[in-house]
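Enquirer: Taken in order, these protein sequences are the chains called A and B.
Our numbering numbers the first residue of the first sequence as 395 and each following residue consecutively.
Our numbering numbers the first residue of the second sequence as 395 and each following residue consecutively.
This is the structure, below, for whatever I ask next.
Number of protein chains: 2
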Amino acid sequence: MTVKKFSLALGLVALALLVAVPISTLGQESGAASSVEMKLWVRNTLRDILVDTPVDGDTVTVEIIIHNTDGSDKKVDIFLTDNLDQNWSGKNWTGVTVNGKGSVSKKFEWKPSEKEYELNATVKGDIRTEVIKSVNVKGKLPESNMVLIVPIAGIIGLLFAGVMTWWVLKQDTGTPEMRKISDAIKEGAEAFLKTQYTTIWAIALVVAGVFFVAIWLGTKSLEQGWMTALAFVLGAACSSIAGFIGMWVSIRANIRTASAARTSLNLALQIALRGGAVSGFSVVAMSLLGVAGIYYGYGMLSGDPRLTPLLIVGFGFGASFVALFAQLGGGIYTKAADVGADLVGKVEKDIPEDDPRNAAVIADLVGDNVGDCAGRGADLFESTAAENIGAMVLGIALFPILGINGIMFPLVARAFGLMATIVGVLVVSTREDGDPMAALNRGYIVTTVLAALGFFVATWEMLHSYWYFAAGLVGILTSWAFVYITQYYTESKYRPVQEIAKSSETGPATTIISGVAVGMECTAIPVIAVSIALFAAFKLGEIGAVDLGIPALAGGFYGTAMATMGMLSVCAYILAMDTFGPIADNAGGIAEMSQQPEEIRKKMDRLDAVGNTTKALTKGYAVGSAALAAFLLFSAYLEAAQLKHIQLDKVDVFIGALLGAMLVFVFSAFAIKAVGKAAFSVIVEVRRQFKEHPGIMNYTEKPDYGQAVRIVTKSALKEMIVPGVLALVLPIAIGFFLRAEALGATLMVGTISGFLLALVLNNGGGAWDNAKKFVEEFGKIKAKQLRDNPEILAEMKQRAPGIYEDLMQKARDSPDDTLIFGKTSDMHKATVVGDTVGDPFKDTAGPSLHVLIKLLSTITLVLAPLFIGTL
Amino acid sequence: MTVKKFSLALGLVALALLVAVPISTLGQESGAASSVEMKLWVRNTLRDILVDTPVDGDTVTVEIIIHNTDGSDKKVDIFLTDNLDQNWSGKNWTGVTVNGKGSVSKKFEWKPSEKEYELNATVKGDIRTEVIKSVNVKGKLPESNMVLIVPIAGIIGLLFAGVMTWWVLKQDTGTPEMRKISDAIKEGAEAFLKTQYTTIWAIALVVAGVFFVAIWLGTKSLEQGWMTALAFVLGAACSSIAGFIGMWVSIRANIRTASAARTSLNLALQIALRGGAVSGFSVVAMSLLGVAGIYYGYGMLSGDPRLTPLLIVGFGFGASFVALFAQLGGGIYTKAADVGADLVGKVEKDIPEDDPRNAAVIADLVGDNVGDCAGRGADLFESTAAENIGAMVLGIALFPILGINGIMFPLVARAFGLMATIVGVLVVSTREDGDPMAALNRGYIVTTVLAALGFFVATWEMLHSYWYFAAGLVGILTSWAFVYITQYYTESKYRPVQEIAKSSETGPATTIISGVAVGMECTAIPVIAVSIALFAAFKLGEIGAVDLGIPALAGGFYGTAMATMGMLSVCAYILAMDTFGPIADNAGGIAEMSQQPEEIRKKMDRLDAVGNTTKALTKGYAVGSAALAAFLLFSAYLEAAQLKHIQLDKVDVFIGALLGAMLVFVFSAFAIKAVGKAAFSVIVEVRRQFKEHPGIMNYTEKPDYGQAVRIVTKSALKEMIVPGVLALVLPIAIGFFLRAEALGATLMVGTISGFLLALVLNNGGGAWDNAKKFVEEFGKIKAKQLRDNPEILAEMKQRAPGIYEDLMQKARDSPDDTLIFGKTSDMHKATVVGDTVGDPFKDTAGPSLHVLIKLLSTITLVLAPLFIGTL
């Protein structure tokens, strides 16, 4: 099998790179001399750095470079002082002319006599003046060859995605009935995406234009204006393309998965996962290539590697922008179709899920693709882009010591993670009677171990410090922690779901009450996990600061950046597992609608159940990484806004914080409402079809699936506008009226509230969903069976320890025939209400909140220069 | 009628005081000389103050006072410097011995030659040393006679409560059947309160002991230890007594209201309101007397009016402590009984609300008293105490300029508000066919106008500035804004409730979804209202700062304190309206259970509906005042913790913020779960009674009400422990491990999250409740009626503009007899689910969150001294 060999070869290349790149750079000792050099940059984006390593007795060469970013010539004076007040008198450098876009430099020798020293250079004159204290290690700034892995890994990642696509496409496409359904899904999904992207890009171009003008006028720099606007457009484009590729494959993988299930569970599993992997690889590779490309491109234009990260924040904002609307629109679509189909189908007409007589059923299957696949892809593209850029901005502060390494490290770590994922995806296989979830977990373990290995190599080679590897490991562990925490709160074998199931005995109201309580309760452990991770990563970074020769505080911040990078290094695998979900779900739907034999449908159900689990886990991972990254993005914002602190005790800052928290709630309200409104339009349509075409119910007429798809599309896109625009406009308004510090509070408190509310919505929704599945799983159990059949009771005792006693009590009190448990029992009806309520929570509002959190970070980063100072 | 005359006389006294007190103090010009005096206090609780009023050419007398709060003698040196570096050389004062508990003083003359000056005194030696900069106006510190109104108003308030109690008690107590029911409620409520207070006090005494030791050891001051502990016990005691008095009267007013309804609606209204007023007056008067008493008591002991506010924060914490458990226990009780009674009664057995066959019905009526009456009483007692103390702490910073006036002003403003409320309560009356709500509103208007008048007099006399009156007016307007906002979101004539009613057409799931969306959406306007109020009050305070001769920043903070005081000045009336609710509700229950004629029950229903409205408004008012006060309490915390700022970009501070938001969600989860668990115990009991005593259903046997009451009591008190202890322990743990600044972030972000979540829970719950009532109000409407009866349609069009079209459509599609609207229709069943879900939201978790927010403020204020500096 050629493809297998080819992809194996790719995997080997990836493995080889994991080993070869570090070896190739061995022996290249990147400078760490003991004398010291100082650079003075006119644009102050640095925080103060005080080096406390001893250079006693050494001569320090201080180089003053004045870099004029403005177009016209400037005249300046430079005054030098040091804390020892010894050698500098008379060494001032006055009457210097710096040409427009040019620079001048001069070197001074200095011999500090004590261990602790501090050098201070003041520049006065035409240029915006600021005082900068900065001392750095002399010699060529360190730059490891390892940064080469970034483009290599990006290209290999895209190649691998291509191979996987080719492999998936050449699989069997099943029976004509299957193809008919699959074609309908394909058509619906592509139509939606086309309309959605048209809408998004119409808004995006307006936004790009407005930003160009605003930043141009606000910063008085045409260059910064067009660079930010172009970066925005590129970010939006990369995100759109990555989302499109992922969905393009997934709507083709679904039918192949269904078809493969007729012969081999393993093949079906592999098609679904590899189809999903296309999404994962496109997202991460595009993000690597995009960020690195624009970084180097702008770097060449600006001539200063330190100015670039702040110019490319527009890329992250472009990604956020697309993600916001993709996730909102997709999320509204998927749940409107789902809720609408369920309410008319299951509740009103009493026909099963995915029944071909339901006109909304194709729309429902389309929804899985546009919400979970394209939406989550855009979400994680945004995460990787925004967090890379955030870490790069932080790297600027360390530039004097770490050089390009400090800025490029995040991309290198991600590149290794991508290589590791290739191997991880390829090792996944299962036996016919195996547990598909276990197979996916094996792949996850392989990916994690290899990614950790790569992370180790990268930290060692580029940062020369174990401590930062340890900080990265904290991030990797956090990703596992979030996966397990999410499982605990949403899987039926644990207490929370059983509690909900138990409360469904007393009807839908108590089901809802206990689900809300579970959702709120489940904020505790994730918050504690993130707190521990941040604290540990910060402390490890502080300790490691000595290795790097940077101040402890800067080291601590960099430690949290490492943890974020560690958590995100397995991102491609997580995304592959996530996209596995809608593919398996769709394959199940195709099998159901094309009326495949029971045995195949059972097989699909197993894959579908695994897909539900992976979807839930991905959400846990996404929200966890957003929370971990938040702290990193806060410090990037402070850099960008030239703020030292956000002080909540100022009245305008407090108001900014209040509004940030409010934005989260109001945005969620709109997202949830949007589902209700769009679902209502579906319900009306399906009802109309049933009424006008009574033949549908007895299979003599076919429902018009296309019309239902068109109605959801129109309605979902209409409803995404208000919350989307709110999320864009409120931060801008706050920045404009209350200025940068208040906007920082909006960002921070909005992020905290958003993180918690997303947890509540995701986990509450997931728990309701599984409580319903839990009640369904056992099959129908009647009172007499439970009383007289010891086997059923034994199974109950084992699998439902929390509720079997209540059920037995009820069974004793009820006539023989009363349905105590299982589908259509009163308990089941109550859990169906819970599930329906949870749908817009966990698949629309929750995931949109992840995106909102990151959008807040990127929009504030981009606009920070406009809101500096008071109005 | 003697009583009427007596209370009229009291009202006149109150009115007279409103006028007389200011006149009595006219002409007493409280010192504002242009020379300056400095005092040096060894304990630094002051922020730096720079006076920018000109004193050019004046001689300044600086008096240095060293006050030794320790028991043993100390030897110190004092060094003086000023920013002009002119007159002070050689004016140091060295080798001074200060006896234990004694003080020494010395005067210096100083003639600053420029307008801006700054004087700096350093004390070194045996005493804990700190640098203090402080300049104040010379002469006797201003102290207005108006502070005398505080004890006078407190005593008049208690007298008025006594008169109201007497008047209520002498009303007719109705028929023996009524009395039987009323006695059962009384017995249940008193038994609950007894058990509850026993539990609370057991914990309270432990807490007091622990705090005594912790503060003693932490601050190394035995005095501070016992003073804080004693203040805590006094606060807890005052709160308990106020809650007890209020409930004692309300469980006696209920039967009298029911009995009065047989003859006069006006009399019933007046009994219910005046019974409620006892609660309002006890709470506010006890709070005034308690805070003022302990302030003067401790002031005499410490000898320094500036140290006292920080010693009496324990009083606020004691009040918070009782409020937390009273509101939690009461809230759990009331909703466990309500939900339990409903689920067995209405849902399982299909018997109406308040049906005497339901064993839980007495427990339900008891619950109204212990939750809404005792619980909310404790809540607002806490508000008034905590916010008074917060404003007083802020007053310390202004002490050098405003003297005692700055510290005592909050109490004076409250005293005027209390007097105003006497008049407001007395003017409420209605005609037999009048609208009781309009009558209550008239009283509210009268109270507001008189309170504003009093506020004007107090600001003018004590602060000599219109601007601070304007800031207070902002607060008064905010209280009206919150009342109207709450009405909009929870009353059936507006869009939100109609939206929920509309979505109930598609079943309980959509009812829940749209209720949650309404809850989240409704955070927007309150947040904006609070933001505007804070901003306006701050700006007004900044402008007014010139009048006072204080720095603009300090003036701004004081402006927000004024707004809080303004909002709280009508507190007694609001509380009277709130307690009106359970009295009317209970009276309705008594009428129902004693099977009174239809006409009387209708009359009671009208009062009951008004009660529901007032209860909802009070919650809006309580949460709004908590939010407005939050900012004030933050700055008080900064004073107490000797912090300049809370910087969210530090890792430990960010973790503190995350944990604060988490606390809010987890606490709510526990509160909501507690209702579920306690309700389940009621359900089991009522089911048992129905099963073991089949005669209950056909009225041949009487259910055992007492047993149900005992079970809810036990269960509610058990369930309140975990969330209560969590709320106490988490802040302590954060303070201990992460220190004062992180704890500040916990306080701030916890408060913001708590405010928003409380809005979501209160308004969402209220909207569901009224959506149900809305569907019930019209009576039952069948399809044929709606199609053929133009009158019904017209009424629908007018009162339900949002949904009549859908209903018409449904009527056209359905057979004649289908129930389209009204009780027992499918829509109604869906709204009942919403109402049941909303119950623990709006009556347990939401109100408990108000208390939690304020508890966070008081506990952090009390413990701040322990967490200063790093571990």
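Ideal placement from N, C-alpha and C gives every residue a C-beta, glycine not left out.
For clarity, every value in this text was computed on a predicted model and none was experimentally measured.
(1) I need the DSSP call for residue 1245 of chain B, collapsed to helix, strand or coil.
(2) Using DSSP with H/G/I as helix, E/B as strand and the rest coil, what is residue 677 of chain B?
(3) So with CB distances below 8 Å, who are the chain B contacts of residue 1221 of chain A?
(4) Round the Cβ separation of residue 774 of chain B and residue 1249 of chain B to the nearest angstrom and send it over; I've been treating them as touching at under 8 Å.
(5) Helix, strand or coil for residue 943 of chain B, going by three-state DSSP, please let me know.
(6) Return the residues of the segment 1178–1197 of chain A that lie within a Cβ-Cβ distance of less than 9 Å from chain B, sorted by chain order.
(7) Starting from the beta carbon of residue 932 of chain B, find every residue of chain A whose beta carbon is closer than 8 Å, and list them in chain order.
(8) Any Cβ of chain B within less than 8 Å of the Cβ of residue 1062 of chain A?
(9) Using 8 Å for Cβ pairs, my map puts residue 1144 of chain B next to residue 1055 of chain B. What's the rounded Cβ distance?
(10) Please confirm whether residue 754 of chain A and residue 1076 of chain A have their CB atoms less than 8 Å apart.
(11) Anyone know if the C-beta pair for residue 766 of chain B and residue 972 of chain B falls short of 8 Å?
(12) Whose CA, out of B:1183, B:1058, B:950, lies closest to the CA of residue 1121 of chain B?
(13) For residue 1247 of chain B, which residues in chain A fall below 8 Å Cβ to Cβ?
(14) Just the chain A side, please: which residues come within less than 7 Å of residue 1052 of chain B by C-beta, in chain order?
(15) Counting only C-beta atoms, is residue 484 of chain A closer than 8 Å to chain B at any point?
(16) With a CB to CB cut of under 6 Å and the five nearest residues on each side skipped, what residues in its chain are close to residue 676 of chain A?
(17) Tell whether a beta-carbon distance below 8 Å holds between residue 362 of chain B and residue 897 of chain B.
(18) Where DSSP assigns a beta bridge to residue 1176 of chain B, which residues make up the other side?
(19) Quick check: the segment 1165–1182 of chain A against the segment 1199–1216 of chain A, are at least 3 beta-carbon pairs closer than 8 Å?
(20) Along chain B, in chain order, which residues have C-beta atoms closer than 7 Å to that of residue 989 of chain A?
(21) Helix or strand or just coil, what does DSSP make of residue 1254 of chain B?
(22) Quick check: residue 1165 of chain A and residue 895 of chain A, are their CB atoms within less than 8 Å of each other?
(23) For residue 1128 of chain B and residue 876 of chain A, I'd like the C-alpha separation in whole angstroms.
(24) Within 8 Å of any Cβ in chain B, is that where the Cβ of residue 1231 of chain A sits?
(25) I need the DSSP call for residue 1041 of chain A, collapsed to helix, strand or coil.
(26) I'd like to know whether the C-beta of residue 441 of chain B is nearer than 8 Å to at least one C-beta of chain A.
(27) Are three or more beta carbon pairs between the segment 679–695 of chain A and the segment 993–1013 of chain A nearer than 8 Å?
(28) Quick check: what's the CA-CA separation for residue 642 of chain A versus residue 1203 of chain B?
(29) Within 10 angstroms of its Cβ, does residue 952 of chain A collect 16 or more other Cβ (buried), or is it exposed?
(30) CA-CA distance, residue 955 of chain A and residue 769 of chain A?
(31) Leaving aside the five residues before and after residue 591 of chain B along the sequence, list all residues of the same chain whose C-beta is less than 7 Å from its C-beta, in chain order.
(32) Distance check for residue 840 of chain A and residue 887 of chain A, CA to CA, integer angstroms please.
(33) Which class does residue 1233 of chain B belong to by DSSP, given the choice of helix, strand or coil?
(34) For residue 498 of chain A, which three-state DSSP category applies?
(35) Do residue 576 of chain B and residue 984 of chain B count as a contact pair if the criterion is CB distance below 8 Å?
(36) Taking only beta-carbon positions, decide if residue 892 of chain B is within less than 8 Å of chain A.
Expert: According to the data block:
(1) For residue 1245 of chain B, the three-state secondary structure derived from DSSP is helix.
(2) It is helical.
(3) Residues of chain B passing the Cβ test: none, with the nearest at roughly 14 Å.
(4) Not a contact, Cβ separation roughly 14 Å.
(5) Reduced to three states, the DSSP call for residue 943 of chain B is coil.
(6) For the segment 1178–1197 of chain A, which is checked against every Cβ of chain B, not one residue is closer than 9 Å.
(7) Counting only Cβ-Cβ distances below 8 Å, residue 932 of chain B has contacts in chain A at 1045, in chain order.
(8) With 8 Å as the cut-off, residue 1062 of chain A counts as an interface residue toward chain B.
(9) Indeed they touch by this definition, with Cβ atoms about 6 Å apart.
(10) Taking 8 Å as the Cβ cut-off, residue 754 of chain A and residue 1076 of chain A qualify as a contacting pair.
(11) Yes; because the gap between Cβ atoms is below 8 Å, this pair is in contact.
(12) Nearest in C-alpha terms to residue 1121 of chain B, of all of B:1183, B:1058, B:950, is B:1058.
(13) Within 8 Å of the CB of residue 1247 of chain B, no CB atom of chain A is found; the nearest one sits about 13 Å away.
(14) Result: 921, 924, 925, 1146.
(15) Unreliable positioning characterises residue 484 of chain A in this predicted model, as indicated by a pLDDT of 49, which lies under 50. A coordinate reading is not provided.
(16) Close CB contacts of residue 676 of chain A within its chain, under the 6 Å cut and outside five residues either way in sequence, are with 555, 636, 639, 640 (chain order).
(17) A question about residue 362 of chain B goes unanswered here, because the residues of chain B that appear run from 395 up to 1265.
(18) BP columns for residue 1176 of chain B point to B:1213.
(19) With the cut-off at 8 Å, the segment 1199–1216 of chain A and the segment 1165–1182 of chain A touch.
(20) Within chain B, no residue has its CB atom less than 7 Å from the CB of residue 989 of chain A, the nearest being about 29 Å off.
(21) Helix.
(22) In this structure, residue 895 of chain A lies closer than 8 Å to residue 1165 of chain A by Cβ.
(23) Taking the straight line from one Cα to the other gives about 23 Å.
(24) It does: the Cβ of residue 1231 of chain A has a partner Cβ on chain B nearer than 8 Å.
(25) For residue 1041 of chain A, the secondary structure class from DSSP, reduced to helix, strand or coil, is strand.
(26) Here residue 441 of chain B scores only 26 on pLDDT, less than 50, and its place in the model should not be relied on; the value that follows carries that caveat. No, because no Cβ of chain A sits closer than 8 Å to the Cβ of residue 441 of chain B.
(27) Not touching, per the Cβ criterion.
(28) Residue 642 of chain A and residue 1203 of chain B: Cα-Cα distance of roughly 41 Å.
(29) Classification for residue 952 of chain A: buried.
(30) The straight-line gap from Cα to Cα measures roughly 26 Å.
(31) Taken in chain order, the residues that qualify are 634.
(32) Approximately 26 Å, taken between the alpha carbons.
(33) Reduced to three states, the DSSP call for residue 1233 of chain B is helix.
(34) Strand.
(35) Yes, the Cβ-Cβ distance between residue 984 of chain B and residue 576 of chain B is below 8 Å.
(36) No, no contact with chain A.
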